[in-house]
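Asks:
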Amino acid sequence: MSIDGLFARTEEFPNPSAQARLNSLVGLDEIVDRLVVDAVALLDPSAMASWSMAVHGEVIPAVSAVLDRTPMFVFAGDVGVGKTEVAEVIGQAIATRAHVDVSLYPLSLSARGRGAVGEMTTLLTRAFERISSDFARARKQDGTATSLGVLLIDEADALAQSRELAQMHHEDRAGVNALLRGIDGLRVDRIPVLTILCTNRLDVLDPAVQRRAAAIQVFSRPSHEQRAALLLRLLAGTEISISDVESLAAATAEKAVWPYSYTYSDLRQRLVPEIILSAYRRGVAVDFSIAEEVISQTPPTRPFGSAA
Ligand SMILES: Nc1ncnc2c1ncn2[C@@H]1O[C@H](COP(=O)(O)OP(=O)(O)O)[C@@H](O)[C@H]1O
Ligand SMILES: [Mg+2]
1 MSIDGLFART EEFPNPSAQA RLNSLVGLDE IVDRLVVDAV ALLDPSAMAS
51 WSMAVHGEVI PAVSAVLDRT PMFVFAGDVG VGKTEVAEVI GQAIATRAHV
101 DVSLYPLSLS ARGRGAVGEM TTLLTRAFER ISSDFARARK QDGTATSLGV
151 LLIDEADALA QSRELAQMHH EDRAGVNALL RGIDGLRVDR IPVLTILCTN
201 RLDVLDPAVQ RRAAAIQVFS RPSHEQRAAL LLRLLAGTEI SISDVESLAA
251 ATAEKAVWPY SYTYSDLRQR LVPEIILSAY RRGVAVDFSI AEEVISQTPP
301 TRPFGSAA
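Residue numbering for the sequence shown follows the UniProt record's numbering, beginning at 1 and increasing consecutively.
1) Between which two residues does the beta strand (DSSP E) carrying L205 extend?
2) Which stretch, first to last residue, makes up the beta strand (DSSP E) that contains S289?
3) Please work out which residues of its chain come closer than 8 Å, Cβ to Cβ, to G149, disregarding the five sequence neighbours upstream and downstream, and give them in chain order.
4) Give the straight-line distance between the Cα atoms of A279 and I240, rounded to the nearest whole angstrom.
5) I believe F128 touches L186 by the beta-carbon criterion, under 8 Å. Please report the beta-carbon distance rounded to the nearest angstrom.
6) At which residue ranges does the segment 42-116 contain complete beta strand (DSSP E) runs of 3 or more residues, listed in the order of the chain?
7) Please report how far the alpha carbon of V272 lies from the alpha carbon of L231, in whole angstroms.
8) What residue does the beta strand (DSSP E) around Q217 start on, and which one ends it?
9) Would you check whether ligand 2 has a heavy atom nearer than 8 Å to the C-beta of D157?
10) Determine the burial state of E88: buried for a count of at least 16 other Cβ atoms within 10 Å of its Cβ, exposed for fewer.
11) Determine the direct distance from the alpha carbon of D154 to that of I216, and round the result to whole angstroms.
12) So for D154, helix, strand or coil by DSSP?
13) Are the Cβ atoms of R21 and E85 separated by less than 9 Å?
14) For A229, name the three-state secondary structure that DSSP assigns.
15) Grab me the residues of V284's own chain with a C-beta within less than 7 Å of its C-beta, minus the 5 sequence neighbours each way, in chain order.
16) Ligand 1 and T298: does the residue's C-beta get closer than 8 Å to at least one heavy atom of that ligand?
17) Please go through the same chain and pick out, in chain order, the residues whose beta-carbon is closer than 7 Å to the beta-carbon of E164, but skip the five residues on each side of it.
18) Output the distance between the C-alpha atoms of A41 and S247, rounded to the nearest integer angstrom.
19) Less than 9 Å between the beta carbons of C198 and A250, yes or no?
20) From what residue to what residue does the beta strand (DSSP E) around F13 run?
21) So T125 and A178 are supposed to be a Cβ contact under 8 Å. How far apart are they, rounded?
22) What is the rounded straight-line gap between the Cα of I295 and the Cα of Y262?
23) For G143, write down the residues that DSSP places opposite it in a beta bridge.
24) From which residue to which residue does the alpha helix (DSSP H) around L277 run?
25) Considering only their Cβ atoms, is the gap separating I196 from I31 smaller than 9 Å?
26) Using CA coordinates, which residue listed in P300, R201, P207 and D203 is at the minimum distance from R227?
27) With distances taken from each beta carbon to the nearest heavy atom of ligand 1, which residues come in below 5 Å, in chain order?
28) Measure from the alpha carbon of S306 to the alpha carbon of each residue in L267, Y260, T298 and V218, then state which is nearest.
29) What does the Cβ neighbour count give for G113, buried or exposed, with the cut at 16 atoms within 10 Å?
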């Protein structure tokens, strides 16, 4: 459902479908766990205070240094490696850990930013205003948050390009400035909202934006083990054995013809559906030879920004 046509659709956590999506992620447990612990520490002063009391017997002054940080993560990396997926479901893990309701406000800049001059700037400004008013009363007197928000700014490279780039238009700078004003405003007013900025191009993300990030998490294409684990799950119940899965993981590695391995989305959204359809069209069981054949016909996605 859209709020004033501003956000794509909001979502409330915890909910079972988000938990299922979280559970279906492969190879990201450590990353997600660390991000969730950090997010709760940044958003909920009581979490850090009780830790400090437990281990130091008092709330040490340095706790405030953490609470003064901007609750913003930057997710960077190639296309199809889980940035959007993690950003969309991390609220579920935060809600579970912090025992409070979390709302997701997703804003995609790619779909919206191509309109009239100033549209992206207006969009960002209104989004931050909306969030600030929705969460203005979300903290109790003692600072404890009664609900938390996640503002997801996806496809942020459409906007947050380096202000140092000479060819940059005036409008782009205005957009970056609106973003900086927005995240600074949330921090100063102690609005309990985590901003997550996703970008395929960390190198062109404005330095002032990068400096504010409490964490910059770079996502990568899956390793051999991660590809095997994902394929094993996705191909469960077929005639493909565990040792076949090892071979398929090897077949989806980088090789001479394509010097890059398959992404998570290559495996999940292209390869596996194509394998299943291929068997279905023939009316036969899904087996290793079909999977191998489909792989040979389905090359991995080129790394973002590489020549076509
Ligand atoms: N670690 C993972 N485990 C399982 N599936 C994943 C993982 N990362 C991404 N995917 C799947 O790949 C697809 C693309 O992921 P997405 O988050 O949209 O990529 P991007 O990094 O381009 O934002 C989604 O269907 C998502 O569910
Ligand atoms: Mg994405």
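C-beta: ideal position from N, C-alpha, C; glycine also.
Replies: On the basis of the data shown:
1) Counted from its first residue, the sequence shown places residue 205 at position 205. Where L205 is concerned, there is no enclosing beta strand (DSSP E), because DSSP gives it neither an H nor an E.
2) Position 289 of the sequence shown, counted from the start, is the residue given in the question as residue 289. Secondary structure note for S289: it is in no beta strand (DSSP E), and the uninterrupted alpha helix (DSSP H) holding it is F288 to Q297.
3) Your numbering for residue 149 matches position 149 in the sequence shown. Spatial neighbours of G149 in its own chain (CB-CB distance under 8 Å, excluding positions within 5 residues in sequence) are listed in chain order as V102, S103, L104, Y105, I131, D134, F135, A138, I191, P192, V193 and L194.
4) One-based indexing of the sequence shown puts residue 279 at position 279. One-based indexing of the sequence shown puts residue 240 at position 240. Taking the straight line from one Cα to the other gives about 12 Å.
5) The residue labelled residue 128 in the question sits at position 128 within the sequence shown. The residue labelled residue 186 in the question sits at position 186 within the sequence shown. Between F128 and L186, the beta carbon gap of about 7 Å places them in contact (Cβ cut-off 8 Å).
6) Listed in chain order, the complete beta strand (DSSP E) runs (minimum 3 residues) inside the segment 42-116 are 72-77 and 101-108.
7) Here the question's residue 272 lines up with position 272 in the sequence shown. Here the question's residue 231 lines up with position 231 in the sequence shown. The straight-line gap from Cα to Cα measures roughly 8 Å.
8) The residue you call residue 217 lines up with position 217 of the sequence shown. Membership of Q217 in the beta strand (DSSP E) is indicated by the continuous run A215 to F219.
9) Along the sequence shown, read from residue 1 onward, the residue named residue 157 stands at position 157. Every heavy atom of ligand 2 is 8 Å or more from the Cβ of D157, so no.
10) Counting from 1 along the sequence shown, the entry for residue 88 is found at position 88. E88 should be labelled buried.
11) Start at 1 with the first residue of the sequence shown, and residue 216 comes out as number 216. Start at 1 with the first residue of the sequence shown, and residue 154 comes out as number 154. Each residue's Cα considered, the two are about 15 Å apart.
12) For the purposes of this step, residue 154 is identified with residue 154 of the sequence shown, where counting begins at 1. Annotated three-state conformation of D154 is strand, per DSSP.
13) What you label residue 21 is simply residue 21 of the sequence shown in a count that begins at 1. What you label residue 85 is simply residue 85 of the sequence shown in a count that begins at 1. Going by C-beta atoms, R21 is nearer than 9 Å to E85.
14) Mapped onto the sequence shown, residue 229 falls at position 229. A229: helix per DSSP, three-state reduction.
15) By 1-based counting over the sequence shown, the position of residue 284 is 284. Correct list: empty, nothing qualifies.
16) Position 298 of the sequence shown, counted from the start, is the residue given in the question as residue 298. Not a single heavy atom of ligand 1 lies less than 8 Å from the C-beta of T298.
17) Numbered from its first residue, the sequence shown carries residue 164 at position 164. Unreliable positioning characterises E164 in this predicted model, as indicated by a pLDDT of 49, which lies under 50. The coordinate reading is nonetheless provided below. Taken in chain order, the list of residues that qualify is empty.
18) Within the sequence shown, residue 41 is the residue found at index 41, counting from 1. Within the sequence shown, residue 247 is the residue found at index 247, counting from 1. Going from the Cα of A41 to the Cα of S247 covers about 42 Å.
19) Indexing the sequence shown from 1 puts residue 198 at position 198. Indexing the sequence shown from 1 puts residue 250 at position 250. Not a contact, by the Cβ cut-off of 9 Å.
20) Numbered from 1 along the sequence shown, position 13 holds the residue referred to as residue 13. F13 -> beta strand (DSSP E) spans E11 to F13.
21) On the sequence shown, position 125 is the one that residue 125 refers to. On the sequence shown, position 178 is the one that residue 178 refers to. That belief holds up - the Cβ atoms of T125 and A178 are roughly 5 Å apart, short of 8 Å.
22) Locating residue 295 in the sequence shown gives position 295, where the first residue counts as 1. Locating residue 262 in the sequence shown gives position 262, where the first residue counts as 1. For I295 and Y262, the distance between alpha carbons rounds to 10 Å.
23) As a working note, residue 143 is residue 143 in the sequence shown. None, per the DSSP bridge assignment.
24) As a position in the sequence shown, residue 277 is number 277, starting the count at 1. Counting along the chain, the unbroken alpha helix (DSSP H) around L277 starts and ends at V272 to R282.
25) Counting from 1 along the sequence shown, the entry for residue 31 is found at position 31. Counting from 1 along the sequence shown, the entry for residue 196 is found at position 196. No, they are not a contact pair.
26) Taking the first residue of the sequence shown as position 1, residue 227 is located at position 227. The candidate whose alpha carbon is nearest that of R227 is P300.
27) Here the residues come out as L25, V26, L28, V79, G80, V81, G82, K83, T84, E85, Y264, S265 and R268.
28) By one-based count along the sequence shown, residue 306 stands at place 306. It is Y260 whose Cα lies nearest to the Cα of S306.
29) Counting from 1 along the sequence shown, the entry for residue 113 is found at position 113. The predicted model places G113 with a pLDDT of 46, which falls under 50 and marks its position as unreliable, so this point remains unresolved.
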